[in-house]
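Q: Please find one structure pasted underneath; my questions will follow.
Protein chains: 2
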Amino acid sequence: MEYYSKEIGRLIGELSTLPGIGSKSAQRLAFHLLNLPKDEVNKLAETIVSARENVHYCKECFTLTDQDICPICANPNRSKKTIMVVEDTRDLAAYEKTGKYEGVYHVLHGAISPMQGIGPGDIRLKELIQRLQKEDTEEVIIATNSSLEGETTAMYISKLLKPSGIRVSRIASGVPVGGDLENIDEVTLLRALEGRTDL
Amino acid sequence: MEYYSKEIGRLIGELSTLPGIGSKSAQRLAFHLLNLPKDEVNKLAETIVSARENVHYCKECFTLTDQDICPICANPNRSKKTIMVVEDTRDLAAYEKTGKYEGVYHVLHGAISPMQGIGPGDIRLKELIQRLQKEDTEEVIIATNSSLEGETTAMYISKLLKPSGIRVSRIASGVPVGGDLENIDEVTLLRALEGRTDL
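Top to bottom, those sequences are chains A and B.
Read in order, the letters of the first sequence are residues 0 to 198 in numbering that gives the first Met the number 0.
Read in order, the letters of the second sequence are residues 0 to 198 in numbering that gives the first Met the number 0.
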């Protein structure tokens with residue numbers, strides 16, 4: 000980056016460490032920031048620092064929140080009898096957008112991946128078990144991703160919870176709504192076939 | 000963004016105002032930042048603020064730099080007799096990467112675009128003229144982009160400088176080296192034909 004002066008090079012370098020930002024995007028971002036009014040740049044920097052400072056895990060469900068207990072766990076209208084287990088806060092948000100789920104969540108912050116050396120102790124699984132021991136849960140819905148890691152995690156949790164007698168379910172795999180069959184991979188098509196329901 | 004708590008929503012909102020960052024990328028970036036160690040986040044924020052604070056235009060060529068006079072203008076080995084006119088600092092960096100250009104630059108910070116209401120007064124053209132009046136320039140190489148705006152700007156500058164007797168040239172348009180003819184648009188092919196040179 001010697002084509003740019005030191006401060007610019009440092010800015011481009013920092014930005015290109017962010018996920019999905021390659022060296023070209025980092026340059027574009029850097030020059031965008033350098034051309035913004037100073038107070039907008041300061042506001043952006045403050046927002047970043049303040050979010051990192053004030054956002055932490057919800058004490059109950061481990062989603063990221065700026066409160067002690069997240070608004071979902073704190074909402075008396077949400078049923079604590081159903082816990083949906085997701086891999087991260089974005090997955091929680093995806094289900095919240097449907098507006099139809101009335102239970103609470105548990106965010107694992109990852110999935111079991113022997114390939115990457117992530118075991119059951121590296122995700123928030125112990126915390127789920129502790130929660131189930133304290134609370135009067137009727138159903139645990141496992142909504143981990145439909146990837147190898149997500150499926151492994153789902154399997155592991157279901158075996159772990161079997162002895163407790165709590166109902167454990169898994170969200171359905173199949174053809175996405177509006178999906179064109181010809182563009183869908185074989186594994187998904189087979190899953191959709193296995194999971195067929197009577198009409 | 001009511002699916003996320005306030006601070007997270009604000010962070011995602013700020014990030015999605017950046018160029019090339021849509022709402023999905025902003026979410027991914029936000030959660031990446033929230034999971035980084037605090038000191039790394041602070042360093043990123045400081046780098047952004049410091050770059051914006053300390054980077055300004057070079058007093059001679061108007062490139063972005065953290066010094067009064069940029070390293071290129073300050074380099075006694077660079078010939079001030081040749082000035083390459085570019086649209087922005089990234090274009091300058093692109094030519095610097097070739098390592099073969101030994102003159103200096105002039106950065107316009109934009110191009111004339113009647114469609115977007117950008118006239119000759121909105122780019123650093125006056126400053127180029129002032130520079131030419133003070134300095135002993137022999138050639139102005141116009142290296143604005145090969146877009147409608149870039150061509151318009153090139154035309155405008157060449158007409159403006161004609162009476163001064165300074166040689167004004169334009170970088171060649173044509174087939175990129177390694178480019179496959181069949182994938183190249185007609186306008187470029189015609190340009191390459193018009194600009195053919197004897198072998």
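Beta carbons: idealized from backbone N, C-alpha and C, even for Gly.
#1: Secondary structure at B/R123, three-state DSSP: helix, strand or coil?
#2: What does the alpha-carbon distance come out to for the pair A/R89 and A/P18?
#3: Does DSSP put B/T64 in a helix, a strand or coil?
#4: Going by beta-carbon coordinates alone, are B/G177 and B/R190 separated by less than 8 Å?
#5: Could you list which residues in chain A have their beta carbon closer than 9 Å to that of B/H105, in chain order?
#6: DSSP three-state call for A/H108: helix, strand or coil?
#7: So what's B/I82 in DSSP terms, helix, strand or just coil?
#8: Straight-line CA distance for B/C57 to B/L63?
#9: Given B/I68, which residues of its chain have a CB within under 8 Å of its CB, disregarding the five upstream and five downstream residues?
#10: Cβ closer than 7 Å: which chain B residues qualify as neighbours of A/T46?
#11: Along the chain, where does the beta strand (DSSP E) that runs through B/E138 open and close?
#12: Shorter than 8 Å from the beta carbon of B/V54 to some beta carbon of chain D?
#13: What are the residues in the segment 21-32 of chain A lying within 8 Å of chain B by C-beta distance?
#14: Which whole-angstrom value describes the C-beta separation of A/I7 and A/A29, a residue pair presumed to lie in contact below a C-beta threshold of 8 Å?
#15: Near B/T136, what residues of its chain come up, given a Cβ to Cβ distance below 7 Å and the 5 sequence neighbours on each side ignored?
#16: Can you name the residues that DSSP bridges to B/I117?
#17: For A/C72, which residues in the same chain have their Cβ closer than 7 Å to its Cβ, ignoring the five residues on either side in sequence?
#18: Smallest Cα separation from B/I11: which of A/S157, A/L160, A/V54?
#19: Using a Cβ distance threshold of 8 Å, determine whether the segment 91-100 of chain B contacts the segment 112-122 of chain B, with at least three qualifying pairs required.
#20: B/N76 by DSSP, collapsed to three states: which one?
#21: Looking at the secondary structure, which residues open and close the beta strand (DSSP E) in which B/V167 lies?
#22: Between the Cα of A/A142 and those of A/I20, A/M114, A/P162, A/E95, spot the shortest distance and give me the residue it belongs to.
#23: Can you give me the Cβ contacts of B/L199 inside the same chain, cut-off strictly under 8 Å, excluding the 5 residues immediately before and after it?
#24: Taking the alpha-carbon of A/S145 as reference, which of A/R77, A/Q132, A/D184 has the nearest alpha-carbon?
#25: Give the range of the alpha helix (DSSP H) segment to which A/L160 is assigned.
#26: Using a Cβ-Cβ cut-off of less than 8 Å, list which residues of the segment 66-77 of chain A approach chain B; keep chain order.
#27: With DSSP as the reference, label A/Y56 as helix, strand or coil.
#28: Is the beta carbon of B/L43 closer than 8 Å to that of A/E13?
#29: Based on the DSSP secondary-structure assignment, which residues constitute the bridge partners of A/V103?
#30: Within its chain, find whatever has a CB closer than 8 Å to the CB of A/P37; leave out the 5 residues flanking it on each side and keep chain order.
#31: Less than 8 Å between the beta carbons of B/Y155 and B/I128, yes or no?
#32: So A/S49 contacts chain B; which residues on that side make the cut at Cβ distance below 9 Å?
#33: Looking at C-alpha atoms only, which residue of B/L32, B/P113, B/P162 is the closest neighbour of B/L131?
#34: Can a CB atom of chain B be found closer than 8 Å to the CB of A/T84?
#35: Considering only residues of the same chain and omitting the five flanking positions on each side of A/L33, which have a CB-CB separation below 8 Å?
A: The answer reads as follows:
#1: Here residue 123 of chain B corresponds to residue number 124 of the second sequence, with the count starting at 1. In the structure shown, B/R123 sits in coil (DSSP, three-state: anything other than H, G, I, E or B).
#2: Taking the first residue of the first sequence as position 1, residue 89 of chain A is located at position 90. Taking the first residue of the first sequence as position 1, residue 18 of chain A is located at position 19. So the two alpha carbons sit approximately 16 Å from each other.
#3: As a working note, residue 64 of chain B is residue 65 in the second sequence. Three-state result, B/T64: strand.
#4: Residue 177 of chain B sits at position 178 when you count from the first residue of the second sequence. Residue 190 of chain B sits at position 191 when you count from the first residue of the second sequence. No. Outside cutoff.
#5: The count along the second sequence starts at 1 and reaches residue 105 of chain B at position 106. None at all; the shortest Cβ gap to chain A is about 16 Å.
#6: Looking up residue 108 of chain A in the first sequence gives position 109. A/H108 falls in the coil class under three-state DSSP.
#7: Reading the second sequence from its first residue, position 83 is the one you call residue 82 of chain B. Looking at B/I82 - three-state DSSP - the assignment turns out to be strand.
#8: As a working mapping, residue 57 of chain B is identified with position 58 in the second sequence. As a working mapping, residue 63 of chain B is identified with position 64 in the second sequence. If I take the Cα positions, the gap works out to 6 Å.
#9: By 1-based counting over the second sequence, the position of residue 68 of chain B is 69. Contacts found: C57, K58, E59.
#10: Taking the first residue of the first sequence as position 1, residue 46 of chain A is located at position 47. By Cβ distance, chain B contributes R9, L10, E13.
#11: The residue labelled residue 138 of chain B in the question sits at position 139 within the second sequence. First-last of the beta strand (DSSP E) with B/E138: 138-141.
#12: The structure shown contains no chain D; the protein chains it does contain are A and B.
#13: S24, Q26, R27, L28, A29, F30, H31, L32
#14: For the purposes of this step, residue 7 of chain A is identified with residue 8 of the first sequence, where counting begins at 1. For the purposes of this step, residue 29 of chain A is identified with residue 30 of the first sequence, where counting begins at 1. Indeed they touch by this definition, with Cβ atoms about 6 Å apart.
#15: Here the question's residue 136 of chain B lines up with position 137 in the second sequence. Cβ within range, chain order: K80, I82, I165.
#16: Position 118 of the second sequence, counted from the first residue, corresponds to residue 117 of chain B. Paired residue(s): B/S112.
#17: Within the first sequence, residue 72 of chain A is the residue found at index 73, counting from 1. Contacts found: C57, E59, C60, V103.
#18: Walking along the second sequence from the start, residue 11 of chain B turns up at place 12. Of A/S157, A/L160, A/V54, the residue nearest in Cα terms is A/V54.
#19: no
#20: Indexing the second sequence from 1 puts residue 76 of chain B at position 77. B/N76 falls in the coil class under three-state DSSP.
#21: Stepping through the second sequence from its first residue, residue 167 of chain B is reached at position 168. Unbroken beta strand (DSSP E) run through B/V167: 166-169.
#22: The residue labelled residue 142 of chain A in the question sits at position 143 within the first sequence. For the residues A/I20, A/M114, A/P162, A/E95, the minimum Cα distance to A/A142 belongs to A/E95.
#23: The requested residue 199 of chain B is not part of the displayed model; chain B covers only 0 to 198.
#24: Here residue 145 of chain A is taken as the residue at index 146 of the first sequence, counted from 1. Closest option to A/S145, Cα to Cα, is A/D184.
#25: For the purposes of this step, residue 160 of chain A is taken as the residue at position 161 of the first sequence. It spans 147-160 - the alpha helix (DSSP H) in which A/L160 sits, taken as one unbroken run.
#26: Q66, C69, P70
#27: For the purposes of this step, residue 56 of chain A is taken as the residue at position 57 of the first sequence. If DSSP states are grouped into helix, strand and coil, A/Y56 belongs with the strands.
#28: As a first step, residue 13 of chain A must be located in the first sequence, where it is residue number 14. As a first step, residue 43 of chain B must be located in the second sequence, where it is residue number 44. Contact: yes.
#29: For the purposes of this step, residue 103 of chain A is identified with residue 104 of the first sequence, where counting begins at 1. Answer by DSSP bridge pairing, in chain order: A/I82.
#30: Locating residue 37 of chain A in the first sequence gives position 38, where the first residue counts as 1. For the sequence presented, residue 37 of chain A should be read as Lys rather than Pro. The answer is none, since no qualifying residue turns up.
#31: As a first step, residue 155 of chain B is located in the second sequence; it is residue number 156 there, counting from the start. As a first step, residue 128 of chain B is located in the second sequence; it is residue number 129 there, counting from the start. No, the pair does not count as a contact, with Cβ atoms beyond the cut-off.
#32: Along the first sequence, one-based indexing puts residue 49 of chain A at 50. By Cβ distance, chain B contributes E6, R9, L10.
#33: Working through the second sequence from its first residue, we reach residue 131 of chain B at position 132. Of the candidates B/L32, B/P113, B/P162, the one whose C-alpha sits nearest the C-alpha of B/L131 is B/P162.
#34: Indexing the first sequence from 1 puts residue 84 of chain A at position 85. Sequence inspection shows Val at residue 84 of chain A; the Thr mentioned does not correspond to that position. With 8 Å as the cut-off, A/V84 does not count as an interface residue toward chain B.
#35: Along the first sequence, one-based indexing puts residue 33 of chain A at 34. Correct list, in chain order: I7, L10.
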